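Asker: Handing you a structure now.
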Amino acid sequence: MQMSFRWYGDRDPVTLEQIRQIPGMEGIVTAIYDIPVGDVWPFEKIMALKEKVEAHGFIISVIESVPVHEDIKLGLDTRDHYIANYKQTIRNLAKASIQTICYNFMPVFDWTRTRLDAPLPDGSHSLSYEEDTIKEMDPLSGELTLPGWDLSFQTVELKRIMDRYQQMSEDTLMQHLVYFLEQVVPVAEEENVFLAIHPDDPPWSIFGLPRIITGPHAVKQVLAAVDSLHNGITFCSGSYGANPENDLQDILHIAKERIHFVHARNVRWTGEKSFQETSHLARDGSLDMTGIMKTLIHHGYKGPIRPDHGRMIWGEEGRPGYGLFDRALGAAYLNGIIDAVHKGGSQ
Ligand code: DNO
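Residue numbers (our numbering): 114 to 460.
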């Protein structure tokens with residue numbers, strides 16, 4: 114597996130120099146953050162990012178994410194224009210030898226939490242989600258924003274988009290995803306790029322919006338809809354695992370060689386549709402992190418993996434979920450499991 118770390122570019126308080134000192138780190142997961150959603154990513158900008166990452170001894174293992182324009186998710190007439198742009202971005206990334214693209218198909222909001230600094234018993238804090246709180250929140254009020262959200266919408270526009278989604282069934286949203294994939298996957302095949310859809314986080318409907326990438330059934334459906342190795346998934350343990358009904362081993366088996374990227378993190382279920390993020394250790398949360406890693410290794414998974422959200426520890430301040438320290442501990446833990454499984458029998 115290729116151990117990787119997410120880096121949010123020059124404005125990230127975590128630097129490439131720091132990431133370099135985490136043992137076993139090989140790849141950087143990043144994106145270009147100043148291109149409006151839906152525009153083509155210019156080749157020159159991609160190369161500038163690549164050169165910066167490579168100057169620090171890394172490769173770009175994954176682009177996370179090339180965002181999908183809302184018009185594609187809404188199935189509007191204008192979608193073909195944005196799909197053509199997406200194809201060109203795939204071609205430009207391929208020309209820069211970037212092979213893996215992570216994306217999601219969540220309407221309007223990317224990952225969502227209700228608290229960014231929920232205390233843990235050890236004095237650290239982490240991200241948490243409570244369904245009761247979300248029910249009382251108005252996403253149009255601007256009271257909550259998360260790092261993955263596209264904040265370029267004006268409230269009026271956001272309201273109009275949300276209204277459109279309220280009338281959309283999950284089947285229709287799935288059809289729009291399949292329409293998109295039917296167009297972009299052939300380009301990914303031609304360019305030898307692997308597309309890896311990220312699950313909805315949390316994996317259920319929020320704010321009355323349809324959400325479709327929620328569990329094993331959806332994974333089966335998406336993979337079968339466009340049956341190509343280049344149409345794959347991001348296996349995100351923490352997103353799928355937020356729902357105790359999702360059998361993570363089942364998803365690993367269904368997707369198997371079509372897993373192109375892994376996000377490894379643990380959560381502790383705290384109630385019905387509620388959870389708190391913990392350290393990566395299996396014993397700290399509700400997910401069998403060791404079992405997940407073992408299955409990936411037994412399946413021969415060689416692709417990129419990154420420690421996902423960490424707690425905030427040792428007084429660090431930074432991007433919620435994306436500090437340096439706990440993600441570095443997470444990487445060390447994951448590498449420990451990998452080494453133990455690979456070399457366990459050798460002495
Ligand atoms: C959150 C991330 C997500 C993810 C996108 C992928 O920490 O896992 O924002 O990057 O959903 O498109």
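Idealized CB from N, CA, C, for every residue including glycine. As the structure is a computational prediction, the values presented were derived from the model and not from experiment.
Going by beta carbon distance, what residues of the same chain come within less than 7 Å of phenylalanine 374, once the five residues before and after it are set aside?
Answerer: Excluding residues within five positions, the ones whose Cβ falls inside 7 Å are Val175, Thr213, Cys215, Ala309, Thr347, Gly416, Pro417.
Asker: Using DSSP's beta-bridge definition, name the partner residues of asparagine 344.
Answerer: Leu308.
Asker: In its own chain, which residues sit with a C-beta less than 6 Å from the C-beta of valine 166, not counting the 5 before and 5 after it?
Answerer: So the list reads Ile141, Ile173, once near-sequence residues are dropped.
Asker: Measuring CA to CA, which of Met219, Ala453, Val298, Tyr242 is closest to methionine 275?
Answerer: Methionine 275 has its Cα closest to that of Met219, out of Met219, Ala453, Val298, Tyr242.
Asker: Please give the ranges of any alpha helix (DSSP H) in the stretch 349–373, keeping only runs that are unbroken, at least 4 residues long and fully inside the region.
Answerer: List check, alpha helix (DSSP H) in window: 350–353, 361–368.
Asker: For the stretch 146–153 against the stretch 196–212, are there 3 or more C-beta pairs whose distance is under 8 Å?
Answerer: The answer is yes - the stretch 196–212 touches the stretch 146–153, with three or more Cβ pairs under 8 Å.
Asker: Taking the CB atoms as reference points, tell me whether glutamate 358 and glutamate 244 lie closer together than 8 Å.
Answerer: Cβ distance not < 8 Å, so glutamate 358 and glutamate 244 don't count as in contact.
Asker: Report whether the distance from the Cβ of tryptophan 154 to the nearest heavy atom of ligand 1 is below 7 Å.
Answerer: Tryptophan 154: no, Cβ never under 7 Å from ligand 1.
Asker: What three-state label does DSSP hand valine 166 in the structure shown?
Answerer: Helix.
Asker: So, for valine 127: in the same chain, excluding its five sequence neighbours on each side, which residues have a beta-carbon less than 6 Å away from its beta-carbon?
Answerer: The residues are Leu437.
Asker: Can you tell me where the alpha helix (DSSP H) with glutamine 279 in it begins and where it stops?
Answerer: It spans 268–279 - the alpha helix (DSSP H) in which glutamine 279 sits, taken as one unbroken run.
Asker: Compute every distance between the C-beta of tryptophan 224 and the non-hydrogen atoms of ligand 1, then say whether any falls below 7 Å.
Answerer: Yes, Cβ of tryptophan 224 sits closer than 7 Å to a heavy atom of ligand 1.
Asker: Say the cut is 7 Å; is the CB of serine 178 nearer than that to a heavy atom of ligand 1?
Answerer: Checking every heavy atom of ligand 1 against the Cβ of serine 178, one is found closer than 7 Å.
Asker: Is any heavy atom in ligand 1 found nearer than 7 Å to the beta carbon of tyrosine 216?
Answerer: Answer for tyrosine 216: yes, Cβ within range of ligand 1.
Asker: Measuring straight from C-alpha to C-alpha, what distance separates aspartate 190 and aspartate 340?
Answerer: Their backbone Cα atoms lie some 26 Å apart in a straight line.
Asker: By how many angstroms is the C-alpha of threonine 202 removed from the C-alpha of phenylalanine 294?
Answerer: Before going on, a small fix: residue 294 reads as leucine here, not phenylalanine. Looking at the two C-alpha atoms, the distance is approximately 15 Å.
Asker: Measuring only the C-alpha atoms, how far is isoleucine 451 from proline 420?
Answerer: In a straight line, the C-alpha of isoleucine 451 is about 13 Å away from that of proline 420.
Asker: For the candidate residues Ile325, Gly398, Ile405, whose alpha-carbon lies nearest to that of glutamine 362?
Answerer: For the residues Ile325, Gly398, Ile405, the minimum Cα distance to glutamine 362 belongs to Ile405.
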